[in-house]
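The sequence shown maps to residues 30 to 294 in the working numbering.
For glycine and all other residues, C-beta sits at the position ideal for the given N, C-alpha and C.
All remarks here apply to the structure that follows.
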Amino acid sequence: MTDALFLFDPDVDGVPVNTDELRAGWTLTLPAHVRRHAIQAMRLGAGDSLQLSDGRGLRLKAVLDDAQEGSAKVTEVGLEPQPLTRLALVQALAKTGHDEQAVDTATQIGVDAVVPWQADRSIAKWKTGRTDRKWSQVLQAATEQSRRSWIPTLEECASSKQIVALCRRACVHGDLVVVLHQDATDTWDGIERCVDELQDRCLADGKPRTVYVVVGPEGGISEAEVESFVKAGAHSCVLGSNILRASTAGPVALSLLSRALGRYA
Numbered sequence: 030m031t032d033a034l035f036l037f038d039p040d041v042d043g044v045p046v047n048t049d050e051l052r053a054g055w056t057l058t059l060p061a062h063v064r065r066h067a068i069q070a071m072r073l074g075a076g077d078s079l080q081l082s083d084g085r086g087l088r089l090k091a092v093l094d095d096a097q098e099g100s101a102k103v104t105e106v107g108l109e110p111q112p113l114t115r116l117a118l119v120q121a122l123a124k125t126g127h128d129e130q131a132v133d134t135a136t137q138i139g140v141d142a143v144v145p146w147q148a149d150r151s152i153a154k155w156k157t158g159r160t161d162r163k164w165s166q167v168l169q170a171a172t173e174q175s176r177r178s179w180i181p182t183l184e185e186c187a188s189s190k191q192i193v194a195l196c197r198r199a200c201v202h203g204d205l206v207v208v209l210h211q212d213a214t215d216t217w218d219g220i221e222r223c224v225d226e227l228q229d230r231c232l233a234d235g236k237p238r239t240v241y242v243v244v245g246p247e248g249g250i251s252e253a254e255v256e257s258f259v260k261a262g263a264h265s266c267v268l269g270s271n272i273l274r275a276s277t278a279g280p281v282a283l284s285l286l287s288r289a290l291g292r293y294a
């Protein structure tokens, strides 16, 4: 079984990872919240192995040396790059936690960024300082659960007008915006062809680009929103004949994209 992974913040937790001294054989003291989780909750003891990450690509493999003191010896140090072709979920706010479910599953799948969206039909409202903290906790927990070394970026909550601006910027920078809509006529096959072309451009020039997946709330994306997004350069697409929940549509699309991009062997 893969060793449990724990996130820490080098700027807060006092673990000096950004130094030239970081190497195998280095002994570090686990941050207090990691000790609580690893030793008290998971009951890891001396000799047990674990992973640590700063959520920015650093992956440390370590062996717990002294459980009482919370010290661990680093056995392996690695820095994992972000993918050139990145995946982002533009998730409309949805009631009864469906939006958080989508963010949780998308993180496990491998999404690189999450954009909260206050859609016209969103019943749930974004509360700065409360909702963003809750979404951040979901991202962190799902990152640890899936043993990722990169935590998805949580962007600021966007309005529909700001999503239109995102679509326009995407056209300028060579990104791709895919709007999931049940009444769309474009099929997923066409989207995958666009993704293949985008990935080829990334490999050719080494420039990172992003595929954005836009998912509406429970009542769906309004016709006016879809029209404005498409006019700004987005592609409207239907996944299939089944109507998916707000918590499901994004993860399904991200899974298909991950397969198309070769992330899933």
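For residue i, the nearest candidate out of the options (CA to CA)
i	options	result
alanine 61	Ala282, Gln97, Lys90, Asp77	Gln97
alanine 261	Gly245, Arg238, Asp204	Asp204
arginine 288	Glu254, Asp225, Ala275, Lys236	Asp225
alanine 170	Asp215, Asp133, His210	Asp133
leucine 93	Asp77, Thr182, Asp83, Leu81	Asp77
aspartate 95	Arg115, Ala67, Val106, Ala117	Ala67
serine 276	Gly107, Gly54, Leu118, Val106	Leu118
leucine 34	Trp179, Val240, Thr157	Trp179
glycine 54	Asp141, Val106, Gly74	Val106
serine 257	Ser189, Ser270, Pro237, Val242	Ser189
arginine 177	Leu108, Arg159, Val242, Leu268	Leu108
CB of residue i within 8 angstroms of CB of residue j, strictly
i	j	result
glutamate 184	valine 144	yes
threonine 104	alanine 91	yes
leucine 285	tryptophan 217	yes
alanine 135	proline 280	yes
leucine 57	alanine 101	yes
valine 206	alanine 131	no
tyrosine 266	isoleucine 192	It is cysteine, not tyrosine, that sits at residue 266 in the sequence shown. No, the Cβ-Cβ distance between cysteine 266 and isoleucine 192 is not below 8 angstroms.
glycine 99	arginine 72	no
aspartate 87	aspartate 32	In the sequence as presented, aspartate is not what sits at residue 87; that position holds leucine. Contact: no.
leucine 232	leucine 116	no
alanine 278	leucine 168	no
serine 175	glutamine 137	yes
glycine 139	arginine 238	no
valine 242	leucine 283	yes
aspartate 229	threonine 182	no
Between the CA atoms of residue j and residue i - distance to the nearest angstrom
i	j	result
aspartate 212	glycine 126	25 angstroms
leucine 89	proline 110	14 angstroms
glycine 235	leucine 227	11 angstroms
phenylalanine 37	leucine 273	35 angstroms
lysine 154	glycine 74	44 angstroms
lysine 156	alanine 194	22 angstroms
| field | Stretch-stretch touch, CB-based, cutoff 8 angstroms, three pairs: the stretch 243-262 with the stretch 133-150 | value | Segments in contact, yes.
| request: Flag this pair as touching only if the stretch 160-179 and the stretch 191-199 have three or more C-beta atom pairs under 8 angstroms; answer yes or no. | output: Short answer: they don't touch.
| query | Along the chain, which unbroken stretches of the alpha helix (DSSP H) at least 4 residues long are found entirely within the stretch 206-291? | reply | Within the stretch 206-291, the complete alpha helix (DSSP H) runs of at least 4 residues are 217-234, 252-260, 278-289.
| request: Return the chain-ordered ranges of every beta strand (DSSP E) run that is complete within the stretch 131-160 and spans a minimum of 3 residues. | output: Under the rule that a run must span 3 or more residues, the beta strand (DSSP E) segments found entirely inside the stretch 131-160 read 142-147.
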